[in-house]
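Counting from 3, one number per residue, gives the positions in the sequence shown under this note's numbering. Have a look at the structure below, then the notes.
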Amino acid sequence: MSQPDTPVNLHGAVDLSALAAPKPPAPSEDTPAGVVVDVSEATLNDVVQQSMTVPVVVMLWQVGEGNSLELGPTMESLAGEYQGKFLLARVDVAANPRVAQVFGVQSIPSVVAIIKGQPLPLFQGSYPAEQIRAVLDQVLQAAAENGVTGRVEAAAGEDAEAANGSEPEEPPLPPHIQAAYDAIERDDLDGAAAAFQDALNQNPRDAEASAGLAQVELLRRITGLDPQAVLAAAEQAGPGDITAHLPAADIDVASGRLADGFARLLGVIRVTAGEDRQTVQKRLVELFQLAPEDSPEVIKARRDLARALY
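This is the structure in structure tokens:
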């Protein structure tokens, strides 16, 4: 387990905190306060800085995805077991695709350590606690060899309130949006889609509901797919084979490779016509909703789409 020479590059980061996203489940009550944190692109730099004193283990996962549902509780339980010897940072890649790009994630879930700002790939997929525990012990050993031996400490302010059992109240969500998030936590993607659609029926300009629906539809489409098999099939397919390239683009975007997913669909649009072209164009526009309008990937893809169509 060698330590990479290149530090995590955070230059050009885009704040995705405003993007509507399903909320990850709260850590178990048995997990000590502060050892598990949810990280967005806006807070990633804080976590990288913390890795100078405390080993950080980043779990890049996706709410509702099968292996992620298995790995999440295991990682949280281990974080509690190690009592702050490392910080577990959870990143929902559907809500934060640029973070997945920063770490070069190829599949979900993936786990990466950060020691003194240096990323250290650990494993992909879900494994039993015994195997993961052995990996974590190696991380702690590597951290100690680099002089990183601190522990996660209870934070002041809002974190301290959470540790004492009280959290600052958040403004209530609109009923239909809350219903959608509740359905996602139950792994009821159909119910979540219906709730988001209900919100859009009442207000077609509801950006949060629109983005949420796009995320849920993506989750529904990729559930049960084998990412490697899908991407391999697309590599062998012709440039106009929409049955191969549509799911491959979904896998690209879900894994944080926005530019790859957009470029894939643009390539199909350039060689198709009629109903096939309309189908691919519609999917591409839906995927645009999974990133901010001003993100470089969306701006470039919209420009390329206009050129391909006209």
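Note that CB positions come from ideal geometry on N, CA and C, so glycine has one too. This structure is a prediction, so every number in the text was calculated from the model and none was measured.
Pair within 8 angstroms by beta-carbon distance, L62 and V114: Within the sequence shown, numbered from 1, the residue matching residue 62 stands at position 60. Within the sequence shown, numbered from 1, the residue matching residue 114 stands at position 112. Yes, Cβ-Cβ distance for L62 and V114 is below 8 angstroms.
Where M54 falls: helix, strand or coil (DSSP): On the sequence shown, position 52 is the one that residue 54 refers to. In the structure shown, the three-state DSSP call for M54 is coil.
Closest by C-alpha distance to G36, when choosing among V56, E43 and N47: On the sequence shown, position 34 is the one that residue 36 refers to. If we check each option's Cα against that of G36, V56 comes out closest.
For P170, the three-state DSSP class (helix, strand or coil): Along the sequence shown, read from residue 1 onward, the residue named residue 170 stands at position 168. Reliability of the predicted coordinates at P170 is poor, the pLDDT of 48 falling under 50, and no value is obtained from them.
Inter-stretch contact (C-beta, 8 angstroms, three-pair minimum) for the region 121-131 and the region 174-186: no
Assigned secondary structure, Q143 (DSSP; H/G/I helix, E/B strand, else coil): Start at 1 with the first residue of the sequence shown, and residue 143 comes out as number 141. In the structure shown, Q143 sits in a helix (DSSP, three-state: H, G or I).
Identified DSSP bridge partners for P121: In the sequence shown, counting from the first residue as 1, residue 121 sits at position 119. Answer by DSSP bridge pairing, in chain order: I116.
Reduced DSSP secondary structure (H/G/I, E/B, other) of A293: To locate residue 293, count along the sequence shown from 1; it is residue 291. It is coil, neither helix nor strand.
Option in N205, D243, P229 and A256 with minimal Cα separation from A216: Here the question's residue 216 lines up with position 214 in the sequence shown. For A216, the nearest C-alpha among the options comes from A256.
Counted within 10 angstroms of its Cβ, other Cβ atoms place P99 as buried (16 or more) or exposed: Here residue 99 refers to the residue found at position 97 of the sequence shown. Buried, because 16 or more other Cβ atoms sit within 10 Å of the Cβ of P99.
Status (buried if at least 16 other CB within 10 Å, exposed otherwise) for G167: Within the sequence shown, numbered from 1, the residue matching residue 167 stands at position 165. The pLDDT assigned to G167 is 45, lower than 50, so where the model puts this residue is not dependable; a value taken from the coordinates is nonetheless given after this. The residue in question, G167, is exposed, as its Cβ has fewer than 16 Cβ neighbours within 10 Å.
Cα-Cα separation between P250 and A131, rounded to whole angstroms: Counting from 1 along the sequence shown, the entry for residue 250 is found at position 248. Counting from 1 along the sequence shown, the entry for residue 131 is found at position 129. It should be noted that the sequence gives Ala, not Pro, for residue 250. In a straight line, the C-alpha of A250 is about 31 angstroms away from that of A131.
P241, buried or exposed, once every other Cβ within 10 Å from all chains shown has been counted against 16: Within the sequence shown, residue 241 is the residue found at index 239, counting from 1. Per the 10 Å Cβ criterion, exposed.
Cβ pair count under 8 angstroms reaching 3, the region 220-231 against the region 65-72: yes
Cβ neighbours of G86 in the same chain (closer than 6 angstroms, five flanking residues each side left out): Along the sequence shown, one-based indexing puts residue 86 at 84. Cβ neighbours of G86 beyond the five flanking positions: V37, R153 and V154.
For R92, the first and last residue of its enclosing beta strand (DSSP E): Reading the sequence shown from its first residue, position 90 is the one you call residue 92. Start and end: L89 to D94.
C-alpha gap between M77 and A91, whole angstroms: Mapped onto the sequence shown, residue 77 falls at position 75. Mapped onto the sequence shown, residue 91 falls at position 89. Between M77 and A91, the C-alpha separation is close to 10 angstroms.
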